[in-house]
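Okay, structure first, notes after.
2 protein chains.
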Amino acid sequence: MQTVYVLSGPAGIGKSTTSRALVNALKNSAYISGDHISHMHVNGRKKPWESKDELSLIWNNILSLTENFVTNGVDVVVDYVTFPEDVLWLKDKLAEFNVNVVYVVLWTDMETLLKRDQLRKKEHQMGERCLILMEEFNKSGLDAKHLLDTSKKSVEDLEQVIEEIMNNNQFRLD
Amino acid sequence: MQTVYVLSGPAGIGKSTTSRALVNALKNSAYISGDHISHMHVNGRKKPWESKDELSLIWNNILSLTENFVTNGVDVVVDYVTFPEDVLWLKDKLAEFNVNVVYVVLWTDMETLLKRDQLRKKEHQMGERCLILMEEFNKSGLDAKHLLDTSKKSVEDLEQVIEEIMNNNQFRLD
């Protein structure tokens, strides 16, 4: 039985770092970056947070790749700003594949998030958009059991965070 | 009616540069790098030139993304070492979507290819594998009408090469 891990959270929280470490901790695993999938569409692309069609195209692409991987016995890590409605749609679409879906929203307080954002390369800094996304998560009806507080975690704690994502059943979607 | 461009050729020939320029010349377009798709599979990945299952997973992923893009009115550029049997499989799978499939194999002589390979960053140089791939194309039953000779082309000729790929009907698969 394959597992699909969806690692979410506001921009700047550390999704990519955590996702890559998780992929490397799994035996047979694929890494799907939603941002990369999104930017495969080069000309004619709309901003996914402004266009439902664009967002839907991205999620259909993530779904198709995930289906192909799990069919081939590969666990999948999806790294993308994912709201509860997105992951419920994904789980529903994957119903026939009999997979576990693990949904983790990396979280911290606003101050820490802004500090982390400022540590990134200038061109990757999201500034205010970090906080807007945090607000969106707060309003999304997210069940608190999917939150993983990373406020006091540093890179040295990564291994322990990965272990929690892999073994703590509270993150599983039922 | 959407077009799917498959840009092939041995390693080092200039597939990525040409593909990116082509994507940028199209109005509504997506760029699919076969190498990137291949490396989404992180742990448990086999070398696609040694494993039929791995190669098949890659092509199924390329196909799924292509289907999603053309369904949304987006032209697709596939950048990958693609042999005639691969592109015929792809065209067959896309039959119901009523798309044009354009298959271009960028080509040159062995000496020029090795020279170009040596101009790449050390970690991207393929050395002998360039020539092995060339041999594989020679033995693949490739129809010469799909060859595009780039021996005398430089980066300044890129615009003209793109125009030829877009407008020369000889590259179309019937």
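Quick note, the sequences are listed as chains A and B, same order.
Counting from 1, position 171 in the first sequence corresponds to residue 171 in UniProt numbering; the numbering is continuous, with no gaps.
Counting from 1, position 148 in the second sequence corresponds to residue 148 in UniProt numbering; the numbering is continuous, with no gaps.
Just so you know, even glycine gets a beta-carbon here, dropped at the ideal spot from N, CA and C.
This one's a predicted model, so the numbers in the text were calculated from it and none came from an experiment.
Sequence-distant residues of the same chain with beta carbon closer than 6 Å to residue i, five excluded per side
| i | result |
| --- | --- |
| Val87 (chain B) | Val6 and Tyr103 |
| Lys93 (chain A) | Leu63 |
| Val74 (chain A) | Asn28 and Ala30 |
| Arg116 (chain A) | Gly12 |
| Leu26 (chain A) | Asp75 |
| Glu163 (chain A) | none |
| Gly127 (chain B) | none |
| Glu123 (chain A) | none |
Which residues DSSP lists as bridging residue i, in chain order
| i | result |
| --- | --- |
| Trp59 (chain B) | Paired residue(s): none; Trp59 (chain B) is not in a bridge. |
| Thr108 (chain A) | Per DSSP, none; premise fails for Thr108 (chain A). |
| Leu7 (chain B) | B:Asp79 and B:Val104 |
| Arg172 (chain A) | A:Val102 |
When the options are compared against residue i, the one with the closest alpha-carbon
| i | options | result |
| --- | --- | --- |
| Asn98 (chain A) | A:Asp174, A:Thr18 and A:Gly9 | A:Asp174 |
| Thr71 (chain B) | A:Glu54, A:Ile162, A:Ser33 and A:Val155 | A:Glu54 |
| Val81 (chain B) | B:Thr3, B:Ser140 and B:Glu159 | B:Ser140 |
| Asn168 (chain B) | B:Leu148, B:Phe69 and B:Leu158 | B:Leu148 |
| Ser151 (chain B) | B:Ile13, B:Thr3 and B:Ser8 | B:Ile13 |
| Ala21 (chain B) | B:Val77, B:His36 and B:Glu67 | B:Val77 |
| Gly132 (chain A) | A:Ser29, A:Leu113 and A:Asp75 | In the sequence as displayed, the identity of residue 132 (chain A) is Ile instead of Gly. Checked all of A:Ser29, A:Leu113 and A:Asp75; the closest Cα to Ile132 (chain A) is A:Leu113. |
| Glu96 (chain B) | B:Arg120, B:Asn68 and B:Val105 | B:Asn68 |
| Ile28 (chain B) | A:Pro84, A:Glu135, A:Arg116 and A:Val42 | Looking at the sequence provided, one finds Asn at residue 28 (chain B) rather than Ile. Checked all of A:Pro84, A:Glu135, A:Arg116 and A:Val42; the closest Cα to Asn28 (chain B) is A:Val42. |
| Asn138 (chain A) | A:Glu156, A:Ile165 and A:Met110 | A:Met110 |
| Ala144 (chain B) | B:Glu50, B:Asp117, B:Asp79 and B:Gln170 | B:Gln170 |
| Phe83 (chain B) | B:His36, B:Gly9 and B:Ser56 | B:Gly9 |
| Glu156 (chain B) | B:Thr17, B:Val4 and B:Gly73 | B:Thr17 |
| Glu135 (chain B) | B:Asp75, B:Asp79 and B:Thr108 | B:Thr108 |
| Leu106 (chain B) | B:Asp35, B:Ile165 and B:Arg45 | B:Ile165 |
| Asn24 (chain A) | B:Leu142, B:Val4 and B:Arg45 | B:Arg45 |
| Trp89 (chain B) | B:Glu50, B:Glu159 and B:Ser56 | B:Ser56 |
| Leu142 (chain B) | B:Val4, B:Glu85, B:Lys52 and B:Thr3 | B:Glu85 |
Own chain partners of residue i with C-beta closer than 7 Å, once the 5 adjacent residues on each side are dropped
| i | result |
| --- | --- |
| Lys91 (chain A) | Val101 and Leu173 |
| Lys153 (chain B) | Val161 |
| Arg129 (chain B) | Ala11 |
| residue 203 (chain A) | Because residue 203 (chain A) is not part of the residues shown, which for chain A are 1 to 174, the question remains open. |
| Leu65 (chain A) | Ile32 |
| Ser38 (chain B) | Pro48 and Ile58 |
| His146 (chain B) | Tyr103, Val104, Val105 and Phe171 |
| Thr3 (chain A) | Asp75, Val99, Asn100 and Val102 |
| Arg120 (chain A) | Gly12 |
Residues that residue i contacts on chain A, provided the C-beta gap is smaller than 7 Å
| i | result |
| --- | --- |
| Val74 (chain B) | His41 and Gly44 |
| Val68 (chain B) | The sequence given here has Asn at residue 68 (chain B), not Val. Simply Leu57, Asn60, Asn61 and Ser64. |
Amino acids of chain B, ordered along the chain, whose beta-carbon sits closer than 9 Å to that of residue i
| i | result |
| --- | --- |
| Ile32 (chain A) | Met40 |
| Asp23 (chain A) | As written in the sequence, residue 23 (chain A) is Val, which differs from the Asp given in the question. Per Cβ cutoff of 9 Å: Val42 and Asn43. |
Beta-carbon contacts of residue i that lie in its chain and below 8 Å, excluding the five residues immediately before and after
| i | result |
| --- | --- |
| Leu40 (chain A) | Reading off the sequence, residue 40 (chain A) comes out as Met, not Leu. Result list for Met40 (chain A): Asn61, in chain order. |
| Asp35 (chain A) | Asp79 and Tyr80 |
| Gln118 (chain A) | Gln125 |
| Leu158 (chain B) | Thr17, Thr18 and Ala21 |
Partner residues on chain A for residue i, Cβ-Cβ distance less than 8 Å
| i | result |
| --- | --- |
| Ser19 (chain B) | Neighbours of Ser19 (chain B) on chain A: none; closest Cβ ~10 Å, over 8 Å. |
8 Å Cβ cut-off: residues of chain B touching residue i
| i | result |
| --- | --- |
| Ser51 (chain A) | Here the premise fails: no neighbours, minimum Cβ distance about 11 Å. |
Proximal residues of chain B, C-beta to C-beta of residue i below 7 Å
| i | result |
| --- | --- |
| Asn28 (chain A) | Asn43 and Gly44 |
Run through the segment 10-51 of chain A for me and flag every whole alpha helix (DSSP H) of 4 or more residues, listed as ranges in chain order.
-> 15-25 and 34-40
Output the residue ranges of the alpha helix (DSSP H) runs that lie fully inside the segment 122-159 of chain B and measure 4 residues or longer, sorted by chain position.
-> 128-138
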